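Report on one structure; see the data block that follows.
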Amino acid sequence: MNGLLHLALNASFLVQLVMLTLIGLSIWSWVIIFVKKKELKDTYKYTVKFDKKFWSGMQLHKYYDQIKEKRDKSAIEQIFYVGFNRYEILHGDEKEITPDVIPQTSLRAMQVQISKESEALESDLQTLATIASVSPYIGLLGTVWGIMNSFQSLSQTSQTTIALVAPGISEALIATALGLIAAIPAVIAYNKFNKDISMIVARYENFSEELTEILQRTHIPTKDEQNEISS
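Okay, so the sequence shown: first residue is 3 according to the numbering used here, each after it adds one.
See the structure below:
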């Protein structure tokens, strides 16, 4: 380890700059990985919790009113809120609108919201992809520069020894290794997060279809109708 540190400290300016850049990219990618992992874990947990409560038999109006009062809605709650809110607004004007149109309008509203939530989940993934694709090339730059320094050392002496070329080659190998260290975790995390996001978005889409089906086959009383029934 001390030998590697010694080589890094005595490397040329460009190679040191490459090393610092790769270390910075690696740290950046790990920060994104930890933050995104927690975000997706929480999102999945809230989605499962919502599903259990939604299918517990609670009346949709009551559940809608509960979610409406929440300031910080989870993604799945926001999707339900947008869809049912659109349904409730149009349902009040059902004499002027074909009943079959109302659930489909709610579905379109939920699809728009799902698109927004999907974009939010995918934030920073492009950064991971960029780090994964760029880091090996940055490391390659340090590699090429280190080899060039080795050849330059050979051209300035009449006697060729391993001691002359070893430092430059070592610099090159360190830069290559750092490039891979930065890229490999970013690639793995990018693929894993893409898979997780696809699963979560699929749950959103399934829910929107299920809610639309419920709205199509069930007459859900408006608040005015509920008040008339209770009175």
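For glycine and all other residues, C-beta sits at the position ideal for the given N, C-alpha and C. Model, not experiment: these values are computed from the prediction.
DSSP, reduced to helix, strand and coil, places Lys75 outside both helices and strands of the structure shown, so it counts as coil. Shortest Cα-Cα distance from Tyr206 to any of Lys38, Ile149, Lys118, Thr132 involves Lys118. Assignment of Gly59 by DSSP, reduced to helix, strand and coil, places it in the coil class. Assigned with DSSP and collapsed to three states, Ser152 falls in helix. Ile104 and His93 do touch by the CB rule: their CB atoms are close to 6 Å apart, below 8 Å. With fewer than 16 other CB atoms across the displayed protein chains lying within 10 angstroms of its CB, Asn193 is exposed.
With a contact defined as Cβ atoms closer than 8 Å, Ile116 and Ser210 qualify at about 6 Å. Annotation for Glu119: the continuous alpha helix (DSSP H) segment containing it runs 103-123. Ser120 sits away from Arg88, with the two beta carbons spaced by 8 Å or more.
Proximity to Glu173 across Val146, Ile186, Phe195, Glu79 peaks at Val146, based on C-alpha coordinates. Shortest Cα-Cα distance from Ala122 to any of Ala184, Trp30, Phe195 involves Phe195. Nearest to Ser135 by C-alpha distance, out of Ile190, Met112, Ser152, Tyr83, is Ile190. If you draw a straight line from the Cα of Leu217 to the Cα of Leu62, it is about 10 Å long. Leu180 and Leu16 do not touch by the CB rule: their CB atoms are close to 14 Å apart, not below 8 Å. Three or more beta-carbon pairs drawn from the segment 126-143 and the segment 23-40 are found closer than 8 Å, and the two stretches are therefore classed as touching. For the 8 Å CB-CB criterion, Asn151 and Ser14 form a contact. A distance of 8 Å or more separates the beta carbons of Gly85 and Leu175.
Residue Ser125 holds the alpha-carbon nearest to the alpha-carbon of Val37 among Ala177, Met112, Ser125. Ile202 is the residue among Glu215, Ile202, Arg219 whose C-alpha sits nearest the C-alpha of Val50. Going by beta carbons, Ile183 and Gly148 fall outside the 8 Å limit. Leaving aside the five residues that flank Tyr46 on each side, the residues in its chain whose CB is nearer than 7 Å to its CB run, in chain order, Ile202.
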